[in-house]
Every structure is written in structure tokens, then in C-alpha cells.
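Going left to right, the sequence shown walks through residues 1 to 699 as the UniProt record's numbering numbers them. Here a beta-carbon is modelled for each residue, glycine too, at the ideal position from N, C-alpha and C. To keep things clear, I will list the structure first and then write my remarks on it.
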Amino acid sequence: MLPFFATCPKGLESLLTEELKNLGATSLQETVAGVAFKGELATAYRACMWSRLASRIMLQLADFTMRDDMDLYLGAANIEWEQHIQPGQTFAVDFSGGNDAITNTQYGALKIKDAIVDRLTKRWGERPNVDKRTPDIRILAHLKRNQLSITLDLSGPALHQRGYRQQAGEAPLKENLAAAILLRSGWDISTPLVDPMCGSGTLLIEAALMAADQAPGLLRVRFGFMAWSGHDRALWQEISAEATVRATRGMKQANTQLYGFDQDKRVLAFAQENAESAGVAGLIRFAQGSVNTLVNPAAEPGWLISNPPYGERLSEFPSLLGLHQQLGDTLRDQFKGWHVSLISSSPELLSCLRLRHEKIYKLFNGALACELRNYNIAEDARAARPLAEDFANRLAKNIKALEKWARNEQIDCYRLYDADLPEYNAAIDRYQDYIVIQEYAAPKTIPEYKARGRFYDLVQATMAVTGVQGSKVILKVRSRQQGREQYEKLDRRDQWLEVQEHNARLLVNLYDYLDTGLFLDHRPIRKQLGELARGKDFLNLFAYTGTASVHAGLGGAKSTTTVDMSRTYLGWAERNMQLNGLTGRRHQFVQADCLNWLSKPGDDYDLIFVDPPTFSNSKRMEDAFDVQRDHIELLRLLSNRLRPDGLLIFSNNKRHFKMDMVGLEELGLVAKDITKASLPKDFARNPHIHNCWEIRRSR
1 MLPFFATCPK
11 GLESLLTEEL
21 KNLGATSLQE
31 TVAGVAFKGE
41 LATAYRACMW
51 SRLASRIMLQ
61 LADFTMRDDM
71 DLYLGAANIE
81 WEQHIQPGQT
91 FAVDFSGGND
101 AITNTQYGAL
111 KIKDAIVDRL
121 TKRWGERPNV
131 DKRTPDIRIL
141 AHLKRNQLSI
151 TLDLSGPALH
161 QRGYRQQAGE
171 APLKENLAAA
181 ILLRSGWDIS
191 TPLVDPMCGS
201 GTLLIEAALM
211 AADQAPGLLR
221 VRFGFMAWSG
231 HDRALWQEIS
241 AEATVRATRG
251 MKQANTQLYG
261 FDQDKRVLAF
271 AQENAESAGV
281 AGLIRFAQGS
291 VNTLVNPAAE
301 PGWLISNPPY
311 GERLSEFPSL
321 LGLHQQLGDT
331 LRDQFKGWHV
341 SLISSSPELL
351 SCLRLRHEKI
361 YKLFNGALAC
371 ELRNYNIAED
381 ARAARPLAED
391 FANRLAKNIK
401 ALEKWARNEQ
411 IDCYRLYDAD
421 LPEYNAAIDR
431 YQDYIVIQEY
441 AAPKTIPEYK
451 ARGRFYDLVQ
461 ATMAVTGVQG
471 SKVILKVRSR
481 QQGREQYEKL
491 DRRDQWLEVQ
501 EHNARLLVNL
511 YDYLDTGLFL
521 DHRPIRKQLG
531 ELARGKDFLN
541 LFAYTGTASV
551 HAGLGGAKST
561 TTVDMSRTYL
571 GWAERNMQLN
581 GLTGRRHQFV
591 QADCLNWLSK
601 PGDDYDLIFV
611 DPPTFSNSKR
621 MEDAFDVQRD
631 HIELLRLLSN
641 RLRPDGLLIF
651 SNNKRHFKMD
661 MVGLEELGLV
671 AKDITKASLP
681 KDFARNPHIH
691 NCWEIRRSR
């Protein structure tokens, strides 16, 4: 009886234990991501041939206490390597884990390699060779605390590499994880199996191998033990011959119905090619199709098992939410009486199915923690009730009230909803046929899971009410921003959309930044600036993307000066101006710290628009800026640039901002609050979105 160790993905240990027991293993002991066992050499060979779950089968050579690198070297040197490695063969050492003495895995591998080389050089009189890429013999060492285990890899390439996969789509399942999903689902091989998003076909091919009693290792041409000195060729040939006979008989007797669908024709071709390579193409019917057009292909109830896509980026979620909502509807409509098993790294997405799960299993797809959820679709399953009905009704009402107004105003981007209902705490903006949803941070009194659930309901209901596909819905999370955090990049799509605002054409970027490049609530202010600008010299300070300069220029301004600290946004402003034919020397762009720029001698202006941040501590600024504390100093500097009959429009978005009227009077200025008049119809419910003032010199 020899000591062995089998590794597997985390979460599969108990399944692997049962499988190894059925293959003749004894003295089984589960550990994290593996099972130790004992058996004859034939047991290890059968595990290499028949295990659908193991990643590697290893022969344990030594297990000893290791406190320093000398213990490591001596322990490795005491192993009789001449019984495992032959002269002329190459070897490699892989080391994992560590302790206080060995903190570098490369160093640990080097010490074991030195021990092997020194021992074999002394025995043979010649130095063995190391080949890290394709060695004849691979040694694996694992150090946990002060206990070191050294094993010989009998597998060669990892056992999940069956040998049939020729092509794969994005993020394919490993074959042993696919086999585990089938086992955890409880699938009966005599019943139909459907995968509606089959990708490159791994789940269905593994199911076909099970149904045909075909060993997963039968197609492999190389195992790690084949170059090992202890390899028993006759025994292996006997086990291989038995597997061949069983596969031949199993293929003739297999009578299962396997169906695979995918909307990607290219990936579906990969699946067909992989099935043919595995020798099971005759058992699987592949067809192109999407979830929303899926029709149950089987005449009797069975299992639907799949690995739906799950994205890592927030921008991918709307499409995925829509997909899962549609999948839930399809299951209730087409698969009554069926068993369903779905794996995902996003429990929130699985919750969008709106199905009650019977069982949850924790699994790992590589390092990614996943859940496998099993469902039973009731024979009398009904269509799901509409999501977030109160919210959906309010959104539909808002759209009806705003669409005609927007057409009359010649605008194609405006706000549809702004936290109208407290439990659905988000802002929703339309940009032509795109929807931007900004989630506000939930109050601390609301549990995170509940806030998440409401937000996903809101997103799905928004798509249902507007009819906008998930690919054109953009999600963002708006929390308290400091300085210029609101301008920092979120993505790198560099995707631009030209929108209309009255007579102006403007560029927005819906994906890459928290804000899109257009503050919708300032629309009336920009229109007013256009009406006031004819024949005047115009200054736009803290200009962002220069949209106010565009309106002033189109209104006939004699000159425009656009000042911002960001090179990126100043370039954006210049593109906006060029888009509207506003070019030439009379349109100037200045990259500078606005306060520093104002403090230096410069030109005077008839019309000034300033919209400073609430707070900024940018490294490019000499001092931090707080609009409540520093607005009088800012207005003092601006008054030096304002001509006697000039007008200054001052805006900011600080809630509860209070204008220092005494400080203004000391500057010889007078202010008129025009906040209410500056709010557009689509922001009427949020009077605190900004505050706005007309400021002139006292007469």
C-alpha cells in the first residue's frame, strides 16, 4: 500500500473522497483542496484514468518537520531519488507555501533541487539536468507552518486537461469543475439535459462522457508516471484496455438526450469541434439560439444546467441583469417540472431569476468563489410579478410628462428620475437612446443586501419601462466626492456620443468618468449665458468641458476664455467648441489653477460664469479650496476682472450654501439669488441640486 495525495478545486473534497473510495482507495483523509489516501499502484493508475474531479494524483515521498533551510536540504537529500529518476532524465521542482524560514518559493525549490542534484551526482557520477517547462519527472513540495510534504507528480499535465478541448470561448469552465456541477445537480443520465448558454460545450461533453461510461483520461497521451522508474507498463496497459472496452460498449448503449444552445455562432463551432474530438458528438445536439427565444427541446422533464455569464465590471451588470431576468421567465414558461442548476460568482445575479432555490453549494472556479444553486421549477409555475411596481409607475409617469417638453426644447438628454421614492435611491438620466443610472449611497440604517436588491430591481424595472437594452444602460455609484475625484477615470472605453442641447452640439462620455461631461441641471444657465453673450467678452472659470463657452460662443460672444486645471477636460472643451464651429484666436483655452490665474494681472470681461467645486485639495492647487469658506476671496479676485457694467453668474452645488452678503457689500458687489429660476423642469423635485446667483457691482 502506497501513500498518495489527490488535489482538487476547493469545494470538491467530499465528492473526490467518494470517487476515490469507489476506485479502491483506503485510509482517506480530506484536507483543503485535496484528499490523502492509500492504495496499490493500480489504485493510483485508476485514479489518473477515471477521476473526473481530481486535478493531480501524487505519490507521497516524504513528510517531515522543517524549521530552517538546512532541514529542508537534508530532508530532501535523504529521499532515494535514484529509485525515481533515471540517468539522462530531466526533472523540475515546484514549491508552494512557506514559513518564517522559507518566505520565497523559488528559494525553497532551489534548495530541494540542490539536494536532488547533489545526491544523484554522487550516485551516478554525472549531474542530472533540470527542465522547468517539460521535465520527465516533476517534484512538488508544499510547506505549511513547519511541516513539509514532498511528492512525485503522477499526472503530468493537470487531469482536468482531458485532451478533447481544441478551442474555448471566454472564461471556460475547467472540466473537473463541470463534472462536479453535474454531480452536485443530481442529474440522472437517463434524462434530458439542456445547457442554454453552452459556450464551448464543456458541461455537455462531460455529461456525454459520463453517459457513455468513457474514462476522462482515455484521450490523454501523456501522464507524469510514464517516465517514472516505478512505472508498471503492463498494469497501465491493462487499465487502459479495460477503459477502452467500457467506452466502446458505453457509446453503443448510451441513450441520453443532450442539447446545447448559444447565441455566438463562432463559440458554438468550438463546442462542436470539441465534442467531435472527445468522440461524443453523436450524443449532443448543438443549435444557435439565445435565452429569450429558447424553446424546450425535450419531450419529457429533465435537467437544465448552465454557467451563465457573470461580469466583474459594474458596466456589464445591466446586460447581465436583463439576461438573468429573461432566463427566469423562460424557465417558468418553458421548463415546468424540470430541475435547474446554475453556477455563478454573483449571487445577486442569480437572485434576479426570482426562483426559490432548493440547495446551495459553495464551489471555486479557479480563485473565484462561486455558488451552485439547485432549483425545482413547479408544474404550476406562474409568470413573475412586475418588479418594483411603485417605482416603475413613477418612472413611466415622469417619462410621459417630460418627453414632449424635451422635444419642444430641442434637448435629447435630461433627467427622468431623481430619488422620487426614498426606497429607490438613484438618479436616472436619458442620453438619446442610452440610460445612465447613478446609485446614491444608501443610509447606514439600510442593510447592504437590501439596498443591493432594491437597486437591481430598479435597474431591471428601468429597462422594462424604457425598453432600453442592457447594453445601453450604464451604472454608476455616486458617493461623497472630494476635490476632483468626480473627474477621475472609471473606465477606458473612449466612447463618445454627440448630443443636442437647444442649438448646441456637445460631446459626452457615458462610461469613462463618474460625470458624463455635461451637468444637466445647468442647462437653463447655459441657455441664459447664450442669450446674454452677444458682443461681449466671456470668461468661463472652472470650465470643466466648456459647455458654457459653447453656448456663449453660439450666442455671439466677442471672445471666450475657458480656464480649467485639467488638460483632459480642457481638450474636451476645445473639441466641443470645434464641433460647433467655434475656432480661432477669439476663443482661448487656459490650463491653470483658477485662483492662481486670477491673482495675476489679466484681461477684463463683460460676462463671467464660475462654477467652482464644493471642495478641492488637488495637488496642482497651491491651497485647498472650500466654496463656503473661500467664496468671498474668489469673488474678490473675480471683481477685479469684471467690467463696470459686467455680470457675474456664480453657481455651486453645495447644499445649504450661504452667501456672505456682508462680505459682498464690502467688495462693492450685490447678489441676486436666481436658483429657483435656474432649475430646469426635469430637476424641479430637487431644488438643492445647485444654487445660483447673479452678481453685479453696486450702483
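A distance below 7 Å between beta-carbons, with the five flanking residues on each side excluded, links Trp-597 to the following residues of its chain, in chain order: Val-563 and Val-590. Secondary structure note for Leu-514: it is in no alpha helix (DSSP H), with a DSSP letter that is neither H nor E. Burial check for Trp-405: the Cβ neighbour count within 10 Å stays below 16, so the residue is exposed. Sequence-distant partners of Tyr-569 (beyond 5 residues in either direction) whose C-beta falls short of 6 Å from its own C-beta, in its chain, are Tyr-544 and Thr-545. With contact defined as three or more Cβ pairs closer than 8 Å, the region 369-388 and the region 342-354 are in contact.
Excluding the 5 residues flanking it on each side, Ala-254 has same chain C-beta neighbours closer than 7 Å at Ala-211, Ala-212 and Leu-283, in chain order.
Here DSSP, grouped into helix, strand and coil, assigns Asp-69 to helix. Glu-439 counts as buried, since no fewer than 16 other beta carbons sit within 10 angstroms of its beta carbon. From the listed residues Asn-653, Pro-644 and Arg-585, the smallest Cα separation to Phe-615 is found for Asn-653.
For Thr-90, the uninterrupted beta strand (DSSP E) run begins and ends at 90-98, by DSSP.
Pairing Leu-349 with Thr-244, the inter-Cα distance amounts to about 42 Å. Residues of the same chain with a CB within less than 8 Å of the CB of Arg-685, apart from the 5 flanking positions on each side, are Asp-418 and Asp-420 in chain order. Per DSSP, reduced to three states, the secondary structure at Lys-536 is coil, with no helix or strand assignment. Proximity to Gln-263 across Met-197, Gly-302 and Ser-229 peaks at Met-197, based on C-alpha coordinates.
For the pair Ala-36 and Pro-3, the CB atoms are nearer than the 9 Å cut-off.
The alpha-carbon of Leu-582 is positioned some 36 Å away from that of Asn-398.
Restricting attention to Leu-173, Gly-156 and Leu-218, the CA atom closest to the CA of Ser-200 is found in Leu-173.
With fewer than 16 other beta carbons inside 10 angstroms of its own, Gly-584 counts as exposed. Every unbroken stretch of the alpha helix (DSSP H) spanning 4 or more residues and falling wholly within the region 31-65 is given here in chain order: 41-50. Per DSSP, reduced to three states, the secondary structure at Trp-496 is coil, with no helix or strand assignment. Distance check between His-631 and each of Lys-450, Asp-457, Thr-330 and Pro-612 places Pro-612 closest, using alpha-carbon atoms only.
Between Val-194 and Phe-286, the gap from beta carbon to beta carbon reaches 9 Å or more. When DSSP states are grouped into helix, strand and coil, Cys-352 belongs to the coil group. With a 10 Å radius around the Cβ and a threshold of 16 neighbouring Cβ atoms, Thr-151 comes out buried. Here DSSP, grouped into helix, strand and coil, assigns Glu-170 to coil. Boundaries for Val-221: no beta strand (DSSP E) harbours it, and the DSSP string shows neither H nor E there. For Ile-428, the enclosing beta strand (DSSP E) begins and ends at 426-431.
The region 57-70 and the region 142-157 touch, with no fewer than 3 CB-CB distances between them shorter than 8 Å. In the pairwise beta carbon analysis, the region 231-238 is classified as not touching the region 120-135: fewer than three pairs are separated by under 8 Å. Less than 9 Å separates the beta-carbon of Ala-504 from that of Leu-554.
Check the Cα spacing between Arg-220 and each of Ser-185, Arg-162 and Leu-177: the tightest is with Arg-162.
At a Cβ-Cβ threshold of 9 Å, Gln-83 and Asp-136 do not count as neighbours. When secondary structure is reduced to three states using DSSP, Trp-405 falls in the helix class. Judged by their CB atoms, Ser-471 and Ser-319 are nearer to each other than the 9 Å cut-off. By the CB criterion at 9 Å, Ser-229 and Tyr-511 fall outside the cutoff.
Annotation for Ile-695: Leu-648, Phe-650, Leu-669 and Ala-671 place their beta carbon closer than 6 Å to its own, counting only its chain and skipping 5 residues before and after.
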